[in-house]
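Protein chains in written order, with the numbering used here: chain A, 1 to 102; chain B, 1001 to 1231; chain C, 2001 to 2313; chain D, 3001 to 3530.
Beta carbons: idealized from backbone N, C-alpha and C, even for Gly.
First comes the structure, then the notes that go with it.
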Amino acid sequence: MEDQQHHHIIPLKVYFSVIALLLVLTAITVAAAQVNFGPWNTVIAMAIASIKAGFVLAFFMHLKYDNKLYVAVFGTALFFLIVLYLFSWLDTVTRIGVNSIL
Amino acid sequence: MSTANHATAHGGHHHAHHYDSAEHEYNTSKFGTWLFLATEILMFGGLFVGYILFHEKYPEMFHDGSTFLNWRLGALNTVVLLISSLTMALSIYYAQVNKKNLTLLNLYITLGCGFIFLIVKYIEYTHKFHEGLYPGRWFNPTEPEVQEMAKHLLDQGHGHLNMYFSFYFTMTGLHASHVITGMGLITWLIVRTHRSEFGPQYYTPLECVGLFWHLVDLIWIYLFPLLYLIG
Amino acid sequence: MTPASTASHFMPPQASEVAHSVDVLYGFLLIASFISCVLVIGGLIYFAVKYRRTSPDQKSAYISHNTTLEFLWSFIPFVIFMVVFVWGWVVYSGLRTMPEDALEIAVQGQKWSWTFTYKNGRSVGAEFWVPVGQNVRLVMSSSDVIHSFYLPAFRTKQDVVPGRYTNLWFRAEKEGDYQVFCAEYCGDQHSGMKAKLHVVSREQFDEWLGNDPYKGLSAVEVGQKVYQSRCIACHNLTEAKNVGPGYKGIWDKMEKLEGGAEVKVDENYIRESILDPNAKIVLGFPKGVMPTFAGQLSEAEIMGMIEFIKSLK
Amino acid sequence: MATAAAPSGKNYLNEKSGLWSWLTTLDHKRIGILYMIAVMTFFAIGGTFAMLIRLELFSVGKTIMDARTYNQVMTFHGAIMVFMVIIPGIPAFLGNFILPMQIGAKDVAFPRVNLMSWYCLLIGASIAFFSLFYNGVDTGWTFYTPYSITTQNGTIMMVVGAFIIGFSSILTGLNFIATVHKLRAPGMSFWRMPLFIWALYSTALLQVLATPVLAITLLCLTVERVFGIGIFDPKLGGDPVLFQHFFWFYSHPAVYIMILPAMGVVSELIVAFSHKTIFGYKAIALSSVGIAAVSFFVWGHHMFVSGQSEVAGILFSFITMLVGVPTAIKVFNWVATLYKGSIRFDSPLLFALGFLFLFTIGGVTGIMLAVIGVDVHFHDTYFVVAHFHYVMVGGTLMAIMGGIYYWFPKMFGRMVNEFWARISFVFIFVGFNVTFFPQFILGAMGMPRRYYDYLPEYESLNKISSVGAWTIGTGFLVGLFVIIHGMLKGEKAGNNPWGAKTLEWQTSSPPPHENFLVQPVVTAGPYEYR
């Protein structure tokens, strides 16, 4: 098996750069929320959150260096989550005559 | 099962009988942890899907609801969790380079961050309870303006304001329960580190608990803008 | 035997054209299913018998796969499935496309009865009337849990969801009486939540709609009618308990409430029990089971109920 | 690589003794036996409820119980059979026992998690049963809102119980995926895995990916009842149809959690008893994964009349058709495997053929129900009840029985009494058809499901159905007798009484603690009957 595979040790420098970046992104998302971009508010906030999530996944969770199987596991989970959302969403937006009576 | 994965003192770890090697055990444990994280993603994901669907249905209500949250406290908690993620990763790094004391220090900081996070959450929750902003059926705002706002939203067909707090409490509550679980696991890691069980040859529990802790952070990265910022 | 007549062996009588189209598709599916079952199960039995082991050292053939065959038996079912899918879609459009010029009836489901309200304000339960050959659209809502309005003879069904309206339409081709079921589980008397649809001629329908249903009836008889359409699922006319108490001998009785208080079954108590059923629950009965009938029964009907119960001493 | 040889005569059963050694065991085979005991107990309880249902429906009106009791009996029958019998039935019981051996591993990847999963099942089940003392539960196993938020208080316990059982299922699935990926014997490539492993692997994917959504749904339902959060409650602005989406997102894949492993068992049985290599190995293997993947996209066919939009309904109907194709492929391949075989009619094969017979009927009626225009009539009628019993009982339970008889020599080192095993098959098979075939007709006639009482015209078919149910009951009692008798008095079995080729038959019966005294090395496919 993968007996002799040497564990990758990520240099400290990388960890500290990533945390700096994450804190900056947090500041940006908070700052952006103070300005009203209309419908883009959600998009901007989610985009920044996803960038942050990507850095956590890649470096703190070592996905960048690890077996790609883990990426597949994570991706599959995400994919089926999107399936759950898309089909439920499809139902709610195509219902005809949805009037609340309460 | 005398040979089951039973760690002995002084860093010597015997891999379980059904594995070929320690490396084999490490890889399998990590794979198992990732599978577990996949289930966590889908579990939290269900709530996120519910949140987004209702957000599309009642955007005004979610907007008004989010004004009750203090984004400063939310941002503080984001920073706290991000730092705890860093220290968690660092503790693994120092185990890899065999520096027990630095591993311990980082684990303690991670645990401390968890406490700070919970204290801030406690402050936020009690504040909401004080104003009667309970979830769902128990929603009973004391402030007249809030009652007015809730009534206005309902009359306009923008939904029930209590639903915002339902989502807020369910999502942050489930997240907080994960923080508490993670803190329990980190405490367990601290005890084992004190016993010098981890080193460059064996740090699987650090790695697996670390992955869990990062996922908790990851979920908060999304919860923070969804609940506090865009509403 | 045509497919449709095969189908009607099991199905209730067809009351509409849509029902006929459903039955034709069902007949096709039945025959196709029968043929595939015969092929698979027949092949299975034939091979099993023919190739049974007759001697201990009997050898089997080494056949690992056959691409052509495998392609064929994947592709042919796929084509059949697509055909029935499109066919089903067409039939479904017929069931679900609401006609413009329909007679609209508001239907309300609540545990465990149906209420039908016509445009002129006429409101009935348990039985409702429509004219033959007329498009009818039911606008349905529920006041408590999910129910499902099911008309087997019309091959149609639609869940009735609290908090919103759902629609169902049909056009009866033949006069007659048809059964209505509740098809979504809704609690104790789910199986008792039935109604009858009477399809009558246009003249009879108009006459019925204009009628005062209680014309010339005494209060007791009015109560009896209300009982039969609204109360019968949960209350019987003996002293035995069903979901709720039986009506016989209940009048003037002193009943113990939860917590020890007592109440006398008089006009006020019956009236309150109809309009606010959970106000005073007699010991031994669960709370929250009976729905309110406030706004659904007229004063005359409530008086009728009181007189009716009085008459069952 | 090879571990120390076990002392001769030692096997997993007698290696240690005492109840405590069983309750704390980490050996996958012993855990498999623990599951067997648990599942058989639950099956007996669920079966008793089934008998009560059929007794009540024997005649119009009240026969033995009132409506409220009937609804609780119906709910417990459904919940027990689904959550505690059929879902853990094959993966957790047969899978636990067989999977590591079939891939040449010493154990599953995480033995402690495996044991924990069994305790989760027991704890969850106990909590669910405890609801009987709190007014019971009468929601049906589907817990539809808003009914489930307004009815008796026992519902919370049942929901929490199901939540915990869900974790049992997740942990088993997680364990199996890791085991299949990481612990295969040298030479055991994916394309050399037995088809039972492919089926269990696909099932495990479903368990891991779908069950968490059930968990969050049930969690929301619990807080809905306690705090009234209103997400599913229309009175507070929620959407009850959304609950159904969430619920069926799990529960449709769940029906494949129930049937896929059964298909795996049947593949093994047909190969072993026709003594012939499987026809279309890759097609069957891939169709398992294909069914698992597509099953995530079809849940809306449970909601054709629920108030879901028409567009969604048609889309779901289309995708449901696509699931039919890999299922049909499997059935054809099994029949083709019999062609030119050397077929031995032992009781396990009888169950496999019984499976094929019943599953074919269950399958074609499934297609009928997937046709949206026809389903509107059949939805929530006895036609659906008959259909899923043909698949779940006629399919899964037949496969479990066949699997038990097939692997019995491996588990206990003894043979079952062949004559009585065949008798149990005859009773179950005949009784099954007598019970459930009339229900197709009842459904076509329009009798809705979950009915305590019915119109007089449905009575004669219901009577036939009830008589059939008692026949099935007799069959399972005979089966239980066969199993217990086999354990105590059965003839000693050899290591490979059926002459099968998969790895579990290459070790002794019963196997030693670590399954193989010498690590097996795989050099060919699983079914090389040349």
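Over what stretch of residues does the alpha helix (DSSP H) that includes residue i continue unbroken?
i: Cys1208(B); result: Thr1204 to Leu1223
i: Arg3344(D); result: Careful: Arg3344(D) lies outside any alpha helix (DSSP H) and carries neither H nor E.
i: Gln3072(D); result: Ala3067 to Ala3079
i: Trp3022(D); result: Leu3019 to Leu3023
i: Trp2208(C); result: Arg2202 to Gly2210
i: Val3376(D); result: Ile3372 to Phe3378
i: Thr1187(B); result: Leu1161 to His1194
i: Trp2087(C); result: Thr2067 to Arg2096
i: Asn2268(C); result: Glu2267 to Leu2275
i: Glu1025(B); result: Ala1022 to Lys1057
Leaving out five residues before and five after residue i in sequence, what residues of the same chain have Cβ atoms less than 8 Å from its Cβ?
i: Thr1078(B); result: Trp1220, Ile1221 and Phe1224
i: Pro3146(D); result: Phe3232, Asp3233, Pro3234, Lys3235 and Pro3240
i: Glu1145(B); result: none
i: Thr3024(D); result: Leu3115
i: Ile1948(C); result: Any question about residue 1948(C) goes unanswered here, given that chain C covers just 2001 to 2313.
Within 8 Å (strictly less), CB to CB, does residue i reach chain F?
i: His3252(D); result: Annotation note: the requested chain F is absent from the structure, which comprises protein chains A, B, C and D.
Please return the same chain residues whose Cβ sits closer than 6 Å to the Cβ of residue i, not counting the five positions on each side in sequence.
i: Thr2117(C); result: Ala2106 and Ser2123
i: Thr1003(B); result: With a pLDDT of 36 at Thr1003(B), under the threshold of 50, the modelled position of that residue is not reliable, and no figure is offered here.
i: Pro1200(B); result: Gln1096 and Asn1098
i: Ala3079(D); result: Trp3141
Under the DSSP definition of a beta bridge, which residues are partnered with residue i?
i: Ile2105(C); result: Leu2138(C)
i: Trp2169(C); result: Arg2137(C)
i: Leu2197(C); result: Phe2128(C) and Tyr2178(C)
i: Thr2156(C); result: Leu2151(C)
i: Arg3414(D); result: Lys3492(D)
i: Leu3349(D); result: Partner(s): none; Leu3349(D) has no beta bridge.
i: Pro2162(C); result: Ser2142(C)
i: Gly1199(B); result: Tyr1202(B)
Could you please give the first and the last residue of the uninterrupted beta strand (DSSP E) stretch that includes residue i?
i: Ala2240(C); result: Segment: none, Ala2240(C) is in no beta strand (DSSP E) and carries neither H nor E.
i: Met2254(C); result: Met2254 to Lys2256
i: Trp2114(C); result: Ser2113 to Thr2117
i: Val2263(C); result: Glu2262 to Lys2264
Could you name the residues of the same chain whose beta carbon sits closer than 7 Å to that of residue i, not counting the 5 residues immediately before and after it, in chain order?
i: Val3298(D); result: His3252, Phe3316, Ile3319, Thr3320 and Val3323
i: Ser2273(C); result: none
i: Ile3314(D); result: Ile3372
i: Ser3148(D); result: Thr3139, Thr3155 and Leu3221
i: Ile3086(D); result: Met3258, Met3392 and Thr3396
Short-range partners of chain A found in the region 3310-3331 of chain D, where Cβ spacing is below 9 Å: Glu3310, Val3311, Ala3312, Gly3313, Leu3315 and Phe3316
Chain C contacts from the region 3045-3076 of chain D (Cβ-Cβ distance under 7 Å): Ala3067, Arg3068 and Asn3071
Cβ-based contacts, 9 Å cut-off: residues of the region 1063-1075 of chain B near chain D: none
Alpha helix (DSSP H) runs wholly inside the region 6-82 of chain A, at least 4 long, in chain order: 12-34 and 40-55
Residues within the region 2165-2198 of chain C neighbouring chain D, beta-carbon criterion of under 8 Å: Thr2166, Gln2179, Phe2181, Cys2182, Ala2183, Glu2184, Tyr2185, Cys2186, Gly2187, Asp2188, Gln2189, His2190, Ser2191 and Gly2192
Selection of the region 1173-1188 of chain B by Cβ proximity to chain D, strictly under 9 Å: Gly1173 and Leu1174
Residues from the region 69-80 of chain A in contact with chain D, defined by Cβ distance under 8 Å: Leu69, Thr76, Ala77 and Phe80
Residues of the region 1126-1160 of chain B with Cβ closer than 7 Å to any Cβ of chain D, in chain order: Pro1135, Gly1136, Arg1137, Trp1138, Gly1159 and His1160
Members of the region 32-48 of chain A near chain D, C-beta cut-off 9 Å: If the cut-off is 9 Å between Cβ atoms, the region 32-48 of chain A has nothing near chain D.
Runs of alpha helix (DSSP H) lying entirely within the region 3183-3241 of chain D, each at least 4 residues, in chain order: Segments of the alpha helix (DSSP H) lying fully in the region 3183-3241 of chain D: 3195-3227.
Residues of the region 3261-3287 of chain D whose Cβ lies closer than 7 Å to any Cβ of chain C, in chain order: Ser3274, His3275, Lys3276, Thr3277, Phe3279, Gly3280, Tyr3281 and Ala3283
Where the region 1193-1209 of chain B meets chain D: residues whose CB sits under 7 Å from a CB there: From the region 1193-1209 of chain B, no residue has a Cβ closer than 7 Å to chain D.
Runs of beta strand (DSSP E) lying entirely within the region 3039-3068 of chain D, each at least 3 residues, in chain order: none
Against chain B: residues of the region 3098-3120 of chain D by CB proximity under 9 Å: Pro3100, Ala3105, Lys3106, Asp3107, Val3108, Ala3109, Phe3110, Pro3111, Arg3112 and Val3113
Unbroken stretches of the alpha helix (DSSP H), 4 residues or longer, contained in the region 3265-3339 of chain D: 3281-3294 and 3310-3338
Contact residues within the region 3162-3180 of chain D, judged by C-beta distance below 7 Å to chain A: none
Chain-ordered residues of the region 2105-2116 of chain C with a beta carbon less than 7 Å from chain D: Residues: none.
Positions along the region 1029-1050 of chain B whose CB lies within less than 9 Å of some CB in chain D: Ser1029, Phe1031, Gly1032, Leu1035, Phe1036, Ala1038, Thr1039, Glu1040, Ile1041, Leu1042, Met1043, Phe1044, Gly1045, Gly1046, Leu1047, Val1049 and Gly1050
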